[in-house]
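> Numbering (numbering that gives the first Met the number 0), first residue to last: 0 to 728. Yeah, the Cβ is synthetic: ideal placement off N, Cα and C, and Gly gets one too. I'd like to ask you about the structure that follows.
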Amino acid sequence: MKFIKRSHIVFQSIPVILILMLLSQCGLQDRRGREDKISVSDREIYRKVDSLMALMTLEEKIGQMSQRFVPGVTNDLLASIRNGRVGSLLNGLSNFYGPEERNMFQRAAVEGSRLGIPLIFGHDVIHGFRTIFPVSLAQSCTWSPGMVEQASVIAAREASASGVDWAFAPMIDVSKDPRWGRIAECYGEDPFLNAVFGAAVVKGFQGSDVSRTDKLVACLKHFIGYGAAMGGRDYQYTDIPDIDMHEVYMVPYKAGVEAGALTVMSAFNDINGIPATANEKLVRETLKDQWGFRGFVVSDWDAVIQLIDHGIAKDDEQAAIKTVRAGVDMEMKSDAFLQLPGALDEGKISEDIIDDAVRRILYVKFRKGLFEHPYTDTTRIRTDLLTPENRQFARKVARASMVLLKNEHHILPLSGKNRSVAVVGPFAKESELMGWWKSTGKTSDVVTPFNGMKENAPAGLTVTDRIGSTTDLIIACVGEGRDLFGENHSRSNLRLPGNQEDFLSSLRKWNKPVVTVVFNGRPLDLTGVTGNSEACLLAWHPGTEAGNALADVLYGNYNPSGKLTTSFPRSVGQIPVYYNHRNSGRPDKNKYVDETSEPLFPFGFGLSYTTFAYDSLSLSSDLIQPGDSLVVSALVSNTGNTAGNEIVQLYIRDLYGSTTRPVKELKGFRKIFLQPGESAKVSFIVGSEDLTVPDKNFHPVTEKGTFDVWVGPNSAEGLIEDFELTDGR
Ligand code: GLC
Numbered sequence: 000m001k002f003i004k005r006s007h008i009v010f011q012s013i014p015v016i017l018i019l020m021l022l023s024q025c026g027l028q029d030r031r032g033r034e035d036k037i038s039v040s041d042r043e044i045y046r047k048v049d050s051l052m053a054l055m056t057l058e059e060k061i062g063q064m065s066q067r068f069v070p071g072v073t074n075d076l077l078a079s080i081r082n083g084r085v086g087s088l089l090n091g092l093s094n095f096y097g098p099e100e101r102n103m104f105q106r107a108a109v110e111g112s113r114l115g116i117p118l119i120f121g122h123d124v125i126h127g128f129r130t131i132f133p134v135s136l137a138q139s140c141t142w143s144p145g146m147v148e149q150a151s152v153i154a155a156r157e158a159s160a161s162g163v164d165w166a167f168a169p170m171i172d173v174s175k176d177p178r179w180g181r182i183a184e185c186y187g188e189d190p191f192l193n194a195v196f197g198a199a200v201v202k203g204f205q206g207s208d209v210s211r212t213d214k215l216v217a218c219l220k221h222f223i224g225y226g227a228a229m230g231g232r233d234y235q236y237t238d239i240p241d242i243d244m245h246e247v248y249m250v251p252y253k254a255g256v257e258a259g260a261l262t263v264m265s266a267f268n269d270i271n272g273i274p275a276t277a278n279e280k281l282v283r284e285t286l287k288d289q290w291g292f293r294g295f296v297v298s299d300w301d302a303v304i305q306l307i308d309h310g311i312a313k314d315d316e317q318a319a320i321k322t323v324r325a326g327v328d329m330e331m332k333s334d335a336f337l338q339l340p341g342a343l344d345e346g347k348i349s350e351d352i353i354d355d356a357v358r359r360i361l362y363v364k365f366r367k368g369l370f371e372h373p374y375t376d377t378t379r380i381r382t383d384l385l386t387p388e389n390r391q392f393a394r395k396v397a398r399a400s401m402v403l404l405k406n407e408h409h410i411l412p413l414s415g416k417n418r419s420v421a422v423v424g425p426f427a428k429e430s431e432l433m434g435w436w437k438s439t440g441k442t443s444d445v446v447t448p449f450n451g452m453k454e455n456a457p458a459g460l461t462v463t464d465r466i467g468s469t470t471d472l473i474i475a476c477v478g479e480g481r482d483l484f485g486e487n488h489s490r491s492n493l494r495l496p497g498n499q500e501d502f503l504s505s506l507r508k509w510n511k512p513v514v515t516v517v518f519n520g521r522p523l524d525l526t527g528v529t530g531n532s533e534a535c536l537l538a539w540h541p542g543t544e545a546g547n548a549l550a551d552v553l554y555g556n557y558n559p560s561g562k563l564t565t566s567f568p569r570s571v572g573q574i575p576v577y578y579n580h581r582n583s584g585r586p587d588k589n590k591y592v593d594e595t596s597e598p599l600f601p602f603g604f605g606l607s608y609t610t611f612a613y614d615s616l617s618l619s620s621d622l623i624q625p626g627d628s629l630v631v632s633a634l635v636s637n638t639g640n641t642a643g644n645e646i647v648q649l650y651i652r653d654l655y656g657s658t659t660r661p662v663k664e665l666k667g668f669r670k671i672f673l674q675p676g677e678s679a680k681v682s683f684i685v686g687s688e689d690l691t692v693p694d695k696n697f698h699p700v701t702e703k704g705t706f707d708v709w710v711g712p713n714s715a716e717g718l719i720e721d722f723e724l725t726d727g728r
């Protein structure tokens, strides 16, 4: 690590107040304490809910708590809907049915059932609906919450036009284990970033008025700790100490609740012996009672009956009882809740628990406006999907998510000196680049890497799909197929699958520079890739505009600015390796005998076609009191000859406290654009409430002490200063 100790106090107008307002919104610190005010409009909704519930039979209440999955229309299902036995339909990844079918199901509920309560239609809108954006982990590498929010606005417009009311997203499960296939769906290893991006998706989906017909109800998932799966194997046991639960896994959910998310999904995993879906302490006591969450909680797919497999329920009835007692209000797919009337008759459960669940579900349906406008305008599907504007924005997000890891001798961007490039490798003509949750995205919509490079080639440059004697430079496209990451696709090996590394080393015989482009879903062990490449670009699964975005970066029409939000390991043996770890009592001895403890590429890392320098780190004071804040500023300069974005990062370290603390914690970031030779003073406001530690009840408290603070380009470099937090006396 290279730290330059400078002392230089400079005052600066504070353009970054927004970051800290977002920070405060991220629930890192609940500055004002949460007032449980219920708005006038909500009071009106609850009045309607209560009068409707007074008319409902117990069977109709249980019906609202039931979400059914249908591959298609069946008479049994229509009959169940007309009998008020269904509250929601899950429109699946395969054979998605469109607005006409949706309206047909909805008519059965609204016009065919006794009380006419509308259904709410859910679907996995994870990173796009028909226009597919990069996988979420890639989107987080843009470090642009605004971009991610806008992508969610577009996805909501497309999905709602197709009959969807409710997206099962954002997925905000912090993960430090790239073996876990679903790391692709989250926003990296840092709780603060998952909080920022989760809140951005909620705002994009729900907007300021979720009842609008182009908005979706959001769903924070998977509550909670799903990313800590033992061995990185999906669905496995999670052993999570309280301090990690509070300081890591809860942070994004608290931020999502504060952002107004109306639903939460309970996770599959067992948490220290109590599976999430039966975990009353976390769901009812923490999420609902402490945090004041007033939406509803849906189980994950069959997670209710899987309590039997977990060994915490002997049968469906006990699984149903434990689930609703825990505070899970709706059952996805399975039908154990049909046992609840019997359980009620036998006094095993009280009706007020069922009433609370139904009240929450109806509250969300009213908030979504389903009682006012239950049907989808079927004309929108012809105009709102895969528009040129949507594609153009997907291209912007994709290129901003790409991370330049190596660029020897400035071989990139491709320049006029190249006359002929060969775009080769197993992913050169791949169109399956939309990740695992590709919703209704079509491979026929995807611009392949080869086509993107060929169609956007500058005059005078020939693009071929094979290497020949006239080839100046090789672009090798490698990666992970869609079937190697995502749900239930964990890997024990993090190297490129198959013989792709042999393919890369075989290119050396051509004695031409090699630019390797990796199409991945998770952090990989790239030691065998970068060693065989003059340049390496991480392209992720970039979605519909893959090839165009790649061309923008490689041809220099866009200067890459993406930065990693997960550490990239040197080997699978290093897992877990992450930046915000504790220090240990022998920090100089925490290595392996055969490997360093540092990752190949650290959290926050990413190169540009230009260079940036950091100078003049200054603090408005070297002492702050509780309730105070200080301004941390640095001068950032573009010292190269290309304009570009730089993601300036702010980290702190609490050097000692009543508990050990991470060696670094990301507390803010700014993405700035600088012309060659231009400089900017970047300032952050650090409040004492951003420096808290958990007390024995895990409530955030400030403790006097000394803090290091860094401003830098990634988690392994930067300018350092320190300051004291007093105890106010
Ligand atoms: C899956 C996933 C969850 C998804 C749900 C519905 O098993 O765990 O993320 O939203 O089922 O498809």
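For F683, name the three-state secondary structure that DSSP assigns.
In the structure shown, F683 sits in a strand (DSSP, three-state: E or B).
> From E500 to F196, what distance separates their C-alpha atoms?
Cα to Cα, the separation comes out at about 34 Å.
> Taking its Cβ as the centre, do 16 or more other Cβ atoms sit within 10 Å of K214, making it buried, or is it exposed?
The residue in question, K214, is buried, as its Cβ has 16 or more Cβ neighbours within 10 Å.
> By alpha-carbon positions, which one of A78, S566 and L690 ends up nearest to A107?
If we check each option's Cα against that of A107, A78 comes out closest.
> State the Cα-Cα distance for the pair L57 and P340, rounded to the nearest angstrom.
Straight-line Cα distance between these residues: approximately 7 Å.
> Considering only residues of the same chain and omitting the five flanking positions on each side of Y225, which have a CB-CB separation below 6 Å?
Closer than 6 Å at Cβ, skipping near neighbours: D172, A266 and N268.
> How should P457 be labelled, buried or exposed, when 16 other C-beta atoms within 10 angstroms of its C-beta is the threshold for buried?
P457 is exposed by the Cβ-count criterion.
> Measuring only the C-alpha atoms, how far is L472 from K405?
Rounded to whole angstroms, L472 to K405 spans 16 Å at the Cα level.
> Based on DSSP bridge pairs, tell me the residues matched to P274.
Note: P274 sits in a beta bridge opposite D269.
> Identify every residue that forms a DSSP beta bridge with Q648.
Answer by DSSP bridge pairing, in chain order: F668 and G711.
> Decide if I125 is buried, meaning its Cβ has at least 16 other Cβ atoms within 10 Å, or exposed.
I125 is buried by the Cβ-count criterion.
> Give a single yes or no on whether K437 has its beta carbon closer than 7 Å to a heavy atom of the ligand GLC.
No, since every heavy atom of the ligand GLC falls outside the 7 Å radius drawn around the Cβ of K437.
> Measuring only from the beta carbon, is D123 closer than 7 Å to any heavy atom that is part of the ligand GLC?
Within the cutoff, so yes.
> Go ahead and pull the three-state DSSP assignment for M729.
Residue 729 cannot be examined here, being either before or after the span of the chain that is shown, 0 to 728.
> Check for me: the beta strand (DSSP E) holding F611 runs from which residue to which?
It spans F611 to L618 - the beta strand (DSSP E) in which F611 sits, taken as one unbroken run.
> Roughly how many angstroms lie between the CA atoms of P402 and V517, to the nearest whole one?
The displayed chain sequence assigns Val, not Pro, to residue 402. Cα to Cα, the separation comes out at about 10 Å.
> I need the DSSP call for V124, collapsed to helix, strand or coil.
Residue state, collapsed to three classes: coil.
> Taking buried to mean at least 16 other C-beta atoms within 10 Å of its own C-beta, is L747 buried or exposed?
Limits of the chain in this structure are 0 at one end and 728 at the other, which puts residue 747 out of reach.
> Please classify G676 as buried or exposed, where buried requires at least 16 other C-beta atoms within 10 Å of its C-beta.
Exposed is the call here.
> Could you spell out the range, first to last residue, of the beta strand (DSSP E) harbouring N102?
Where N102 is concerned, there is no enclosing beta strand (DSSP E), although the alpha helix (DSSP H) it sits in stretches over P98 to V109.
> On a CA-only basis, which of A475, G711 and T526 is nearest L506? Give me that one, please.
Among A475, G711 and T526, the Cα nearest to that of L506 belongs to A475.
> Please report the straight-line C-alpha distance between G180 and G727, rounded to a whole angstrom.
Looking at the two C-alpha atoms, the distance is approximately 47 Å.
> The ligand GLC heavy atoms versus the CB of G668: any closer than 7 Å?
With the sequence shown as reference, residue 668 is identified as Phe, and Gly is not the correct amino acid for it. Checking every heavy atom of the ligand GLC against the Cβ of F668, none is found closer than 7 Å.
> When DSSP labels each residue in this structure, what does A312 get in the three-state scheme?
Three-state DSSP puts A312 in coil, outside helix and strand.
> If you run the structure through DSSP and keep just helix, strand and coil, what is G368?
Reduced to three states, the DSSP call for G368 is coil.
> What is the DSSP secondary structure of M329, counted as helix, strand or coil?
Note: M329 maps to strand in three-state DSSP.
> For a quick check, are the C-beta atoms of M264 and H221 less than 8 Å apart?
Yes. Within cutoff.
> Can you say whether N579 is buried or exposed, counting buried as having 16 or more other CB atoms within 10 angstroms of its CB?
By the 10 Å Cβ count, N579 comes out buried.
> Only counting runs of 4 or more residues, tell me where the alpha helix (DSSP H) segments fall wholly within the region 493 to 573, in order along the chain.
Counting whole runs of 4 or more residues, the region 493 to 573 contains the alpha helix (DSSP H) stretches 499 to 505, 526 to 529 and 545 to 553.
> Where does M55 fall in DSSP's three states?
Looking at M55 - three-state DSSP - the assignment turns out to be coil, as it is neither helix nor strand.
> For L690, write down the residues that DSSP places opposite it in a beta bridge.
DSSP output for L690 lists no bridge partner at all.
> Note the first and the last residue of the continuous alpha helix (DSSP H) segment covering S135.
Taken as a continuous stretch (DSSP letters only), the alpha helix (DSSP H) holding S135 covers S135 to S139.
> Are the CB atoms of N644 and I671 within a distance shorter than 8 Å?
Yes, the Cβ-Cβ distance between I671 and N644 is below 8 Å.
> Is any non-hydrogen atom of the ligand GLC found closer than 7 Å to the C-beta of D299, if you look at the structure I gave you?
Answer for D299: yes, Cβ within range of the ligand GLC.
> For the 8 Å Cβ check, are there 3 or more pairs between the region 534 to 550 and the region 423 to 432?
Counting Cβ pairs under 8 Å, three or more are found: they touch.
> Taking only the alpha-carbon atoms, compute the straight-line gap between K253 and E407 and give it to the nearest angstrom.
Their Cα atoms are separated by approximately 43 Å.
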